[in-house]
Amino acid sequence: MRIQLSDHFTYRRLLRFVVSPILMMVCTSFYSIVDGFFVSNYVGKTPFAALNLVFPVCMAFGTVGIMIGTGGSAVVSKTLGEGKREQANQYFSMLVYFSVGLSLALTVAGLVFARPISIALGASGELLEYSVLYSRLLMAALTPFVLQNVFQSLFVTAEKPGLSLKMSIAAGLTNIFLDYLFIAVFRWGLAGAAIATGIGQAVGGIVPLFYFARENDSLLRLTKAKLEKQVILKTFGNGSSEMVTNLSASIINILYNFQLMKLAGENGIAAYGIIMYVNFAFMAIYLGYAIGSSPVVGYHYGAGNHKELKNLLKKSIVLMGGAGLLLTVLAELLTVPLVAIFANYDAELFDMTCHGFRLYALAFAVMGINVFGSAFFTALGNGLISATISFLRTLLFQIAMVMLLPLVLGIDGIWLAIGAAELLALAVTMTFLLKNRGRYHYG
């Protein structure tokens, strides 16, 4: 039975509705994970370090798609909730066309500045050449990557989370197969990893264009549209928090690499890269839930259904809190087999990564509530609060912790920085939720 945005959501119905975007985000996280696995095991430590060094920068360019997708989802779902379907389609179409133009401009910038950026990150010699090669190949595929990020949110708004999941699975399987073919069989090295990722992203970003361009049974379809600056600004405002979250993650990764280079050298960077691969998969669960639940929140907010808003908030807090505890326990129990996937060939790297991951994993306990809290305010159209939560959580608090804790705890301070930052962010998130109960009538 098809679940509609206008439905009343029980725990079972809510989980059924968000399972597709959760699995979709997990599949998306496999891009970097699969690249890392094949490069680490088949190419070598220096190319592996290069991948980890420049990957955050490439992802930073792609965050505009997350901003437009999440911010646009709030605008489009609210418009649908108001009963203005034709206008919602015009907004949807305009945002897709705008995404293409913006991503093409960013591609040019990324190709031109690939080498200066790699040098600024500290790369030199062989590491520099590998970094430039990988980043330029990924930047060439930026447009489909941005579109994939846009459609991940808007597929859910169109009441087609299942189709979005199928697209993500197809893209992920394409990437996995081509990584094996290009790296393990053809021996194309780091270039093979980048090309495989780019082709996989094309499956997830270009194929949906054909679906929405023709008649379909979803709520949305591509139509003629004109540029509407106010809608763009509203979209940017609503989605800025999600962009801040992902952009900050890239900045933080760079900062972590600088600190680890001083304290542990190349092994430290490799260890952090491995921890990030596992983090991508776990974080994907929280992000997938946020993407899946946001259009529901936006719809009922637009429809003025305050009782359902309260219901969605209560159930989401319970689900995210429970998921956080479960994932933390799983991370602690599965540390050795997870790390062994990437670092079984180097005993020193393996031991360092296992120790670091056990400390880092403590952050999973509260991370989900913070991610949902930011997405909740995005869906309510309050980009300022959402951006504030994201900025403090993913940038300011983490920068402070990763700079201060190592002074006291050494390298352990780096692994614990994320947990300390998440605890501070939880206090901020709960404060905003409590103070805005009357304003949005979910209390």
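Per the numbering used here, the very first residue in the sequence shown carries number 4; after that it's consecutive.
C-beta atoms are modelled at their ideal positions from N, C-alpha and C, and glycine is treated no differently.
Distance between beta carbons of residue j and residue i, contact taken as under 8 Å
i: Phe400; j: Leu316; result: No, Phe400 and Leu316 are not in contact; Cβ-Cβ is about 23 Å, not under 8 Å.
i: Ala382; j: Ser297; result: 4 Å
i: Ala326; j: Gly371; result: 5 Å
i: Tyr304; j: Lys81; result: 7 Å
i: Gln204; j: Pro147; result: 5 Å
i: Gly208; j: Leu150; result: 4 Å
i: Tyr445; j: Leu8; result: That belief does not hold up - the Cβ atoms of Tyr445 and Leu8 are roughly 17 Å apart, past 8 Å.
i: Ile36; j: Phe283; result: 6 Å
i: Ile235; j: Phe353; result: With 8 Å as the limit, Ile235 and Phe353 do not qualify as a contact, their Cβ atoms being about 48 Å apart.
i: Phe33; j: Gly195; result: No, Phe33 and Gly195 are not in contact; Cβ-Cβ is about 16 Å, not under 8 Å.
i: Val299; j: Phe20; result: 7 Å
i: Ala428; j: Ile392; result: 7 Å
Local Cβ density within 10 Å of residue i, reported as buried at 16 or more and exposed below that
i: Lys163; result: buried
i: Lys227; result: exposed
i: Asp38; result: buried
i: Lys237; result: buried
i: Ser115; result: It is worth fixing the name first, because residue 115 is Val in this sequence and not Ser. Exposed, by the Cβ-count rule.
i: Phe185; result: buried
i: Ala350; result: exposed
i: Ala112; result: exposed
i: Gly206; result: A small fix is needed here, since residue 206 is Val in this sequence, not Gly. The residue is buried, with at least 16 neighbouring Cβ atoms inside 10 Å.
i: Asp182; result: buried
i: Gly359; result: buried
i: Leu407; result: exposed
i: Thr434; result: exposed
i: Tyr348; result: exposed
i: Arg442; result: exposed
i: Pro119; result: exposed
i: Arg139; result: buried
i: Arg396; result: buried
i: Leu230; result: exposed
i: Pro211; result: buried
i: Val321; result: exposed
i: Gln155; result: buried
i: Glu129; result: exposed
i: Glu425; result: buried
i: Leu328; result: exposed
i: Gln233; result: exposed
i: Phe215; result: buried
i: Glu218; result: exposed
i: Phe213; result: exposed
i: Leu26; result: buried
i: Gly307; result: exposed
i: Gly86; result: exposed
Top-ranked residue by Cα proximity to residue i, from the options
i: Ser319; options: Leu8, Ile6, Tyr14; result: Tyr14
i: Phe58; options: Ala334, Gly291, Ser121; result: Ser121
i: Pro24; options: Phe394, Glu85, Ser167; result: Ser167
i: Val29; options: His444, Gly446, Ile288; result: Ile288
i: Leu223; options: Ile202, Gly75, Tyr183, Leu250; result: Gly75
i: Asn55; options: Val369, Ala424, Ile255; result: Ile255
i: Ser127; options: Ala112, Gly271, Pro50, Leu312; result: Pro50
i: Met97; options: Ser156, Ile71, Arg442, Lys310; result: Ile71
i: Gly201; options: Ile235, Ala144, Ala123, Tyr445; result: Ala144
i: Ala368; options: Ser377, Gly384, Gly422; result: Gly422
i: Val374; options: Ile417, Arg361, Ile388; result: Ile388
i: Val22; options: Tyr45, Ser171, Ala108; result: Ser171
i: Leu141; options: Leu109, Pro409, Tyr363; result: Leu109
i: Val332; options: Val300, Ala366, Met355; result: Ala366
i: Val281; options: Phe345, Leu26, Ala53, Val188; result: Phe345
i: Gly192; options: Gly416, Gly386, Phe41; result: Phe41
i: Pro409; options: Ala430, Arg361, Tyr259; result: Tyr259
i: Thr73; options: Phe95, Val60, Ala52; result: Phe95
i: Asn178; options: Phe189, Ala199, Thr160, Arg190; result: Ala199
i: Ser43; options: Leu266, Gly276, Asn219, Gly68; result: Gly276
i: Ala187; options: Leu17, Ala390, Lys265, Tyr45; result: Tyr45
i: Ala343; options: Ile278, Gly324, Ala390, Met404; result: Ile278
i: Met62; options: Phe180, Leu157, Asn152, Gly324; result: Asn152
i: Glu132; options: Ala53, Leu83, Val67; result: Ala53
Endpoints, the alpha helix (DSSP H) within which residue i is located
i: Arg190; result: No alpha helix (DSSP H) holds Arg190; DSSP gives it neither H nor E.
i: Leu114; result: 88–115
i: Gly307; result: Looking at the DSSP string, Gly307 is not in any alpha helix (DSSP H), and its letter there is neither H nor E.
i: Thr160; result: 145–160
i: Arg440; result: 440–443
i: Asp10; result: Unbroken run through Asp10: none, as it is neither H nor E.
i: Thr450; result: The displayed coordinates of the chain run from 4 to 446. Any statement about residue 450 would go beyond what the structure contains.
i: Lys163; result: Note, Lys163: premise wrong, no alpha helix (DSSP H); not H, not E.
Any non-hydrogen atom of the ligand NAD closer than 7 Å to residue i Cβ
i: Leu408; result: With respect to the ligand NAD, the structure offers nothing, as it holds no ligand at all.
Completely contained beta strand (DSSP E) runs for the segment 336–422, where each covers 3 or more residues: none
Complete runs of the alpha helix (DSSP H) confined to the segment 278–336 [at least 4 residues]: 309–336
Complete runs of the beta strand (DSSP E) confined to the segment 174–228 [at least 3 residues]: none
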